[in-house]
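Peer 1:
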Amino acid sequence: MSHPHPELSAPAALPKGGLRVTPLGGLGEVGRNMTVFEYDGRLLIVDCGVLFPEDHQPGIDLILPDWGSIRDRLDDVEALVLTHGHEDHIGATPYLLRERGNIPLVGSELTLALLGSKLREHRLKETVHHVVKEGDRITFGPFELEFVAVNHSIPDALAVAIRTGAGMVLHTGDFKMDQLPLDGRITDLRAFARLGEEGVDLFLTDSTNAETPGFTPAEKSITPVIDQVFRESSQRIIVACFASHVHRVQQVLDAAYAHERQVAYVGRSMVRNMGIARDLGYLNVPPGVLVDTKDLADLPPDRQVLISTGSQGEPMSALSRIAQRNHNFVHIEEGDTVLLASSLIPGNENAVYRVINGLARWGARVVHKGNALVHVSGHASAGELLYCYNIVRPRNVLPVHGEIRHMLANAALARATGVENVVIAEDGVVVDLIDGVAAVAGKVDCGYVFVDGSSVGDITESDLKDRLILGEEGFISVIVVVDSVSGKVSAGPEIHARGNALDGSNFDDVKQPIIDALDRAIAEGNTDSYQLQQTVRRVIGRWVSNTHRRRPMIIPVVIEA
Numbered sequence: 001m002s003h004p005h006p007e008l009s010a011p012a013a014l015p016k017g018g019l020r021v022t023p024l025g026g027l028g029e030v031g032r033n034m035t036v037f038e039y040d041g042r043l044l045i046v047d048c049g050v051l052f053p054e055d056h057q058p059g060i061d062l063i064l065p066d067w068g069s070i071r072d073r074l075d076d077v078e079a080l081v082l083t084h085g086h087e088d089h090i091g092a093t094p095y096l097l098r099e100r101g102n103i104p105l106v107g108s109e110l111t112l113a114l115l116g117s118k119l120r121e122h123r124l125k126e127t128v129h130h131v132v133k134e135g136d137r138i139t140f141g142p143f144e145l146e147f148v149a150v151n152h153s154i155p156d157a158l159a160v161a162i163r164t165g166a167g168m169v170l171h172t173g174d175f176k177m178d179q180l181p182l183d184g185r186i187t188d189l190r191a192f193a194r195l196g197e198e199g200v201d202l203f204l205t206d207s208t209n210a211e212t213p214g215f216t217p218a219e220k221s222i223t224p225v226i227d228q229v230f231r232e233s234s235q236r237i238i239v240a241c242f243a244s245h246v247h248r249v250q251q252v253l254d255a256a257y258a259h260e261r262q263v264a265y266v267g268r269s270m271v272r273n274m275g276i277a278r279d280l281g282y283l284n285v286p287p288g289v290l291v292d293t294k295d296l297a298d299l300p301p302d303r304q305v306l307i308s309t310g311s312q313g314e315p316m317s318a319l320s321r322i323a324q325r326n327h328n329f330v331h332i333e334e335g336d337t338v339l340l341a342s343s344l345i346p347g348n349e350n351a352v353y354r355v356i357n358g359l360a361r362w363g364a365r366v367v368h369k370g371n372a373l374v375h376v377s378g379h380a381s382a383g384e385l386l387y388c389y390n391i392v393r394p395r396n397v398l399p400v401h402g403e404i405r406h407m408l409a410n411a412a413l414a415r416a417t418g419v420e421n422v423v424i425a426e427d428g429v430v431v432d433l434i435d436g437v438a439a440v441a442g443k444v445d446c447g448y449v450f451v452d453g454s455s456v457g458d459i460t461e462s463d464l465k466d467r468l469i470l471g472e473e474g475f476i477s478v479i480v481v482v483d484s485v486s487g488k489v490s491a492g493p494e495i496h497a498r499g500n501a502l503d504g505s506n507f508d509d510v511k512q513p514i515i516d517a518l519d520r521a522i523a524e525g526n527t528d529s530y531q532l533q534q535t536v537r538r539v540i541g542r543w544v545s546n547t548h549r550r551r552p553m554i555i556p557v558v559i560e561a
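As structure tokens, then:
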């Protein structure tokens, strides 16, 4: 990813008494959240999440924040604070711990439990954990932290107030202001007001829903819709949602109990996360409701409920395999009902609709956000953000967590409430808080770090372009043998094509131009094999483009014999 602010240079040294804020992910995008705070030579990190790849990033498993700018300073990190347990806030932590395994981890009980299972999957030893809850205060080096309860689409989410000698920062994490939450845990506006009275020098606020007017609907508003789906379904029900959405799973379990159905989890992450949530008391499973997936098959269809991963159309997820009828033991039948109880993440539209069409093809009724109120956002809408600004009355605002349009909308809300200094930054843009004023101080290199199988950071944007060309245009290989004594072509060119409609006979017209170009190049003294390969590439590339209107990848090989 090229840097969005080429006009900025590297920041100068941080003045004594100043606080530096460096976002390494999550600003200008929805995902891979990571922010570094620096004071008095020490560092504090808030969140370390992943971004999931889009269609134009073939073969990529995950995208990590780029912490290259602090790689040689990881020993200065006092702690990593995790605001909640979603993948876009904790998913990159194992990769960071590979580089320094003893960074203290700070978060709520559920957040650290979900992270612990990920660390075991990565075969990492668990580092020092500090379990905190709302109201707790804890100090790491020059950073004094206070935690505030916030409501989100996962239990146990926390905002964090960071006190330093430069002033107080309040980071909301992801939050909304549901006044009737399923777990009874509301966003603590009294704490926000108290911190505001003390003086919030820099307010980092969730921007995801800043363009949405009014207030985000309550989670309880979905309960009647889920109940209606259960009433109207005469056969099996399959519910797909995020594997971390404990509240939605709770609603489905309660509906199943009320309608005398039994439930099984499908998908490894769903089984793991719901087991953790149940063991810690965040998920209440009604008696007799939960069964093993294989045992569910012994029940009549009108008593079966499956809760599955794959609400975003992920190719290898349980729901995608069910839609393709290649799941090991779940086979969609005509009359089944599938409930997609999640939002549609931008970029996933085609994959989701592909799954919906696949399910519908087999006769399933698909209930999704497009035709029913089956999901509400976990983020504060414009009305809630206005309330927060009026309660906190911050001196400076830095919108976070969102695409640029979301952050600009959030900035407009802050200014409307009287905040005079609002700083818009993106990943890699450094913001300094000095003498109570926040301002852009420069930039650090901050690109995408791609995880490709066991490879981390080895794949570049150029490699992805090559993959896209291979996928869309195919490739052509050209092998030519040049006599090392005479300098003449002694064999070939032998041309092969894959991934397009071209075959051997198509290339008869270009073979002689390749030979002529090589003869000219050698006569002019160009005997380097790389230069000769480039000659072959130019000739056949121009010919394919002019003749067939294609731009395949061309792999020339020139052999001296």
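Position one of the sequence shown corresponds to residue 1 (the UniProt record's numbering), numbered consecutively onward. Note that beta-carbon positions come from the ideal geometry of N, C-alpha and C, so glycine has one too.
1) When you compare only the Cα positions, how much space is there between V30 and H152?
2) I'd like to know whether the C-beta atoms of S377 and K220 end up nearer to each other than 9 Å.
3) DSSP on S2, reduced to helix/strand/coil?
4) Can you tell which of F329, L202, N102 has the C-alpha that lies nearest to the C-alpha of V392?
5) Taking only the alpha-carbon atoms, compute the straight-line gap between K125 and I103 and give it to the nearest angstrom.
6) Rounded to whole angstroms, what's the CA-CA distance from T337 to K118? Just pull it up for me.
7) Taking all protein chains shown into account, decide if S2 is buried (16 or more other Cβ within 10 angstroms of its Cβ) or exposed.
8) Look up S381 in the DSSP assignment and give the residues it is bridged to.
9) Can you confirm whether the stretch 317-333 touches the stretch 259-271 when touching is taken to mean that 3 or more C-beta pairs between the two stretches lie within less than 8 Å?
10) Excluding the 5 residues flanking T172 on each side, which residues of the same chain have their C-beta closer than 7 Å to its C-beta?
11) Within its chain, find whatever has a CB closer than 7 Å to the CB of L14; leave out the 5 residues flanking it on each side and keep chain order.
12) Please state the DSSP three-state secondary structure of M553.
13) Which whole-angstrom value is the C-beta distance of D427 and L24, which I expect to be below 8 Å?
14) Can you tell me which of the three DSSP states D254 falls into?
15) According to DSSP, which residues form a beta bridge with S477?
16) Would you mind listing the alpha helix (DSSP H) stretches within the stretch 172-233 that are 4+ residues and don't spill past its ends, in chain order?
17) Exposed or buried, which one is R551 when buried takes at least 16 other CB atoms within 10 Å?
18) Rounded to the nearest angstrom, what separates V422 and A411 at their Cα positions?
19) Taking 9 Å as the cut-off, decide whether the C-beta atoms of V482 and S490 are in contact.
20) Taking the C-alpha atoms as reference points, what is the distance between R42 and V77?
21) So, with DSSP's three-state summary, where would you put E260?
22) Using the three-state DSSP reduction, which class does H368 fall into: helix, strand or coil?
23) If you compare alpha carbons, which of V451, G447, I424, F450 is closest to A439?
24) Between the stretch 300-310 and the stretch 239-246, do at least 3 Cβ pairs fall closer than 8 Å?
25) Out of E146, C388, E403, point me to the one whose CA is closest to G418's CA.
26) List the endpoints of the continuous alpha helix (DSSP H) containing Y95.
27) When you compare each of E109, F140, G85, L74 to R100 by their alpha carbons, which one comes out closest?
28) Quick one: residues in its chain with C-beta nearer than 6 Å to the C-beta of I515, no 5 flanking neighbours on either side, listed in chain order?
29) Leaving out five residues on either side along the sequence, give the residues of the same chain with a beta carbon under 8 Å from the beta carbon of T293.
30) Alpha carbon to alpha carbon, how far is Q228 from R123?
31) Using the Cα positions of A409 and T212, report the straight-line distance between them to the nearest angstrom.
32) Only counting the same chain, and skipping five residues up and downstream in sequence, which positions put a Cβ closer than 8 Å to that of L386?
33) Please report the distance separating the alpha-carbon of G541 from that of L398.
34) Hey, how far is the Cα of L182 from the Cα of H375?
35) According to DSSP, is G402 part of a helix, a strand, or is it coil?
36) Could you please give me the residues that DSSP links to E38 through a beta bridge?
Peer 2: So, to answer that:
1) For this step, residue 30 is matched to residue 30 along the sequence shown. For this step, residue 152 is matched to residue 152 along the sequence shown. Going by the C-alpha atoms only, they are around 15 Å apart.
2) As a position in the sequence shown, residue 377 is number 377, starting the count at 1. As a position in the sequence shown, residue 220 is number 220, starting the count at 1. Going by C-beta atoms, S377 is not nearer than 9 Å to K220.
3) Position 2 of the sequence shown, counted from the start, is the residue given in the question as residue 2. Because the pLDDT of S2 is 39, which lies under 50, any placement of that residue in the model is unreliable, and the number read from its coordinates should be weighed accordingly. The three-state reading of DSSP puts S2 in coil, since its state is none of H, G, I, E or B.
4) Position 392 of the sequence shown holds residue 392. When only C-alpha atoms are compared, the closest one is L202.
5) The residue you call residue 125 lines up with position 125 of the sequence shown. The residue you call residue 103 lines up with position 103 of the sequence shown. For K125 and I103, the distance between alpha carbons rounds to 12 Å.
6) One-based indexing of the sequence shown puts residue 337 at position 337. One-based indexing of the sequence shown puts residue 118 at position 118. T337 and K118 have their alpha carbons spaced roughly 32 Å apart.
7) For the purposes of this step, residue 2 is taken as residue 2 along the sequence shown, with counting starting at 1. Its pLDDT being 39, under 50, S2 is placed unreliably by the model, and the measurement read from it follows with that caveat. It is exposed - the Cβ of S2 has fewer than 16 other Cβ atoms within 10 Å.
8) The residue you call residue 381 lines up with position 381 of the sequence shown. Note: S381 sits in a beta bridge opposite N209.
9) Counting Cβ pairs under 8 Å, three or more are found: they touch.
10) The count along the sequence shown starts at 1 and reaches residue 172 at position 172. So the qualifying residues of the chain are V150, A159, L204, T205, D206.
11) Sequence index remark: in the sequence shown, residue 14 carries index 14 (1-based). For L14, the CB contacts under 7 Å within the same chain, skipping 5 residues up- and downstream, are R20, E38, D432 in chain order.
12) Looking up residue 553 in the sequence shown gives position 553. Of the three classes helix, strand and coil, the one that applies to M553 here is strand, per DSSP.
13) Here residue 427 refers to the residue found at position 427 of the sequence shown. Here residue 24 refers to the residue found at position 24 of the sequence shown. Correct: roughly 6 Å between the Cβ atoms.
14) As a position in the sequence shown, residue 254 is number 254, starting the count at 1. In the three-state scheme derived from DSSP, where H, G and I count as helix and E and B as strand, D254 is classed as helix.
15) Within the sequence shown, numbered from 1, the residue matching residue 477 stands at position 477. In the DSSP secondary-structure assignment, S477 is bridged to H496, I555.
16) The qualifying runs are 189-198, 223-232.
17) The sequence position of residue 551 within the sequence shown is 551, counting from 1. Exposed, by the Cβ-count rule.
18) Counted from its first residue, the sequence shown places residue 422 at position 422. Counted from its first residue, the sequence shown places residue 411 at position 411. Going by the C-alpha atoms only, they are around 6 Å apart.
19) Here the question's residue 482 lines up with position 482 in the sequence shown. Here the question's residue 490 lines up with position 490 in the sequence shown. In this structure, V482 places its C-beta atom within 9 Å of the C-beta atom of S490.
20) For the purposes of this step, residue 42 is taken as the residue at position 42 of the sequence shown. For the purposes of this step, residue 77 is taken as the residue at position 77 of the sequence shown. Their Cα atoms are separated by approximately 6 Å.
21) Taking the sequence shown and counting its residues from 1, one reaches residue 260 at position 260. In the three-state scheme derived from DSSP, where H, G and I count as helix and E and B as strand, E260 is classed as coil.
22) Residue numbering aside, residue 368 sits at position 368 when the sequence shown is read from its first letter. It is coil, neither helix nor strand.
23) Taking the first residue of the sequence shown as 1, we reach residue 439 at position 439. Per the Cα distances, I424.
24) Yes: the two stretches touch, three or more of their Cβ pairs being nearer than 8 Å.
25) Numbered from 1 along the sequence shown, position 418 holds the residue referred to as residue 418. Nearest option by C-alpha distance: C388.
26) Taking the first residue of the sequence shown as 1, we reach residue 95 at position 95. In this chain, the alpha helix (DSSP H) harbouring Y95 covers 93-97.
27) Your numbering for residue 100 matches position 100 in the sequence shown. Of the listed residues, the one whose Cα sits closest to R100 is L74.
28) Mapped onto the sequence shown, residue 515 falls at position 515. These residues qualify, in order along the chain: V489.
29) Start at 1 with the first residue of the sequence shown, and residue 293 comes out as number 293. Taken in chain order, the residues that qualify are A264, Y265, V266, L306, F329, V330.
30) Locating residue 228 in the sequence shown gives position 228, where the first residue counts as 1. Locating residue 123 in the sequence shown gives position 123, where the first residue counts as 1. Counting only the Cα atoms, R123 lies some 44 Å from Q228.
31) Along the sequence shown, one-based indexing puts residue 409 at 409. Along the sequence shown, one-based indexing puts residue 212 at 212. In a straight line, the C-alpha of A409 is about 9 Å away from that of T212.
32) By 1-based counting over the sequence shown, the position of residue 386 is 386. Closer than 8 Å at the Cβ level, and outside the excluded window around L386, lie L413, A416, T417.
33) As a working note, residue 541 is residue 541 in the sequence shown. As a working note, residue 398 is residue 398 in the sequence shown. Answer to the nearest angstrom: the Cα atoms are 49 Å apart.
34) Counting from 1 along the sequence shown, the entry for residue 182 is found at position 182. Counting from 1 along the sequence shown, the entry for residue 375 is found at position 375. Using only the alpha carbons, I get a separation of about 14 Å.
35) What you label residue 402 is simply residue 402 of the sequence shown in a count that begins at 1. It is a strand residue.
36) Taking the sequence shown and counting its residues from 1, the one referred to as residue 38 is at position 38. Beta-bridge pairing links E38 to R20, L43.
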